[in-house]
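Remarks on the structure that follows.
Residue numbers (our numbering): 10 to 359.
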């Protein structure tokens, strides 16, 4: 059995499910919406045919809408998941794709905030224990593996050891370091978040993008003592790359932001009308190094970001342990979903 752990409504999960069906897999259980139609035009009820069973479940349903039991009795171990529509023996799971699942969530009847937070913490702790006992293959990896590999300090150190070209980088909350880095970069410096998670400002969702540091920022440099940042010299770009690694397979998409003012310094603004996406042919040694980096940090999947300079140098920026790939497939046609399906079915062997 293949277990997909992902939020409902995730377009990436839909793409992989369609690819799994093309390989003969079948979806087990039913969506809460029994008439839900998948991308290939087949309803859930019509997919109950022979083939590798696939269960799509979201950890956001636990413990509020799902039940899990781990028992050790009479020398026997039992791991059971009841989704509300399907009861599954988790020992049957052979491969797991953990694709941006929801956080555990208490039932709606639990309304007191501190009580809800306590329930969610207990649920997360239990899930980690259950997942640790699964002998299945994981993509990208278990939660602890993802968190460690996603840490920029950790994976940058390994990237340097493997011989990637990396900008001079400072991780700090020391205001004095900002002035030194600005001078070293000859006034062409950028600042980034340690982890690019959204947050709230005055109750509104906010995301910090790559910021070009100006002299005005230097006058208020004391503020960075309150939150660590990443400082790097501005790297001139011909194109940017998002490199997707699935097992031993490597896909590279180039992102040309030269026509976009909004995305010029950070393509994550997704100014798709003015940004050009295309397939990029990586040099063999860079491709092999990407696959090795992902394996060395303990993952089977990752999205890597690069800048290709006007002189043709490949400059490594970061590794995203569960980075987005749907837009790569949409805009370039690279078969990432099929590669993921293949890895889940047979480990990615041809």
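Note that beta-carbon positions come from the ideal geometry of N, C-alpha and C, so glycine has one too.
Between residue 38 and residue 65, the C-beta gap is smaller than 9 Å, which places the two residues in contact. Exclusion of the five residues before and after residue 141 leaves 151 as the residues of its chain whose Cβ lies within less than 8 Å of its Cβ. Between the region 233–244 and the region 295–312 there are fewer than three C-beta pairs closer than 8 Å, too few to call the two in contact. A straight line joining the alpha-carbon of residue 337 with that of residue 255 spans about 14 Å.
Relative to residue 74, the option among 89, 193 and 93 whose CA is nearest is 93. The way I'd put it, the region 189–199 does touch the region 212–222; three or more beta-carbon pairs between them come closer than 8 Å.
Assigned with DSSP and collapsed to three states, residue 291 falls in coil, not helix or strand.
For residue 241, the pairing in a beta bridge is given by DSSP as 199. In the three-state reduction of the DSSP assignment, residue 265 falls in the strand class, which pools E and B. At the C-beta level, residue 72 and residue 27 stay beyond 9 Å of one another.
Shown here, residue 282 sits in coil according to DSSP, grouped into three states, outside any helix or strand.
Judged by DSSP in its simplified three-state form, residue 133 adopts helix. In this structure, residue 239 sits away from residue 332, with a CB-CB distance that is not shorter than 9 Å. For residue 120, DSSP records no beta bridge to any residue. Distances from the alpha-carbon of residue 95 to those of 105, 109, 85 and 77 put 77 closest. The beta carbon of residue 191 is closer than 7 Å to those of 198, 222 and 227 in its chain, skipping five residues each way along the sequence.
A buried status is given to residue 291, since no fewer than 16 other beta-carbon atoms sit within 10 Å of its beta-carbon. Its Cα nearest to that of residue 259, the residue 344 stands out among 30, 344 and 237. Every beta strand (DSSP E) of 3 residues or more that sits fully in the region 135–195 is shown, in chain order, as 146–148 and 179–181. Taking C-beta separations shorter than 6 Å and ignoring five residues to either side along the sequence, the partners of residue 261 in its chain run 250, 252, 289 and 291, following chain order. By the criterion of a C-beta distance shorter than 7 Å, residue 266 is surrounded in its chain by 249, 272, 273, 276 and 284, once the five residues flanking it on both sides are discounted.
Within the region 70–118, the runs of beta strand (DSSP E) at least 3 residues long that lie entirely inside it are, in chain order, 76–82, 85–91, 96–98 and 104–108. Between the alpha carbons of residue 229 and residue 202 lies a gap of roughly 17 Å.
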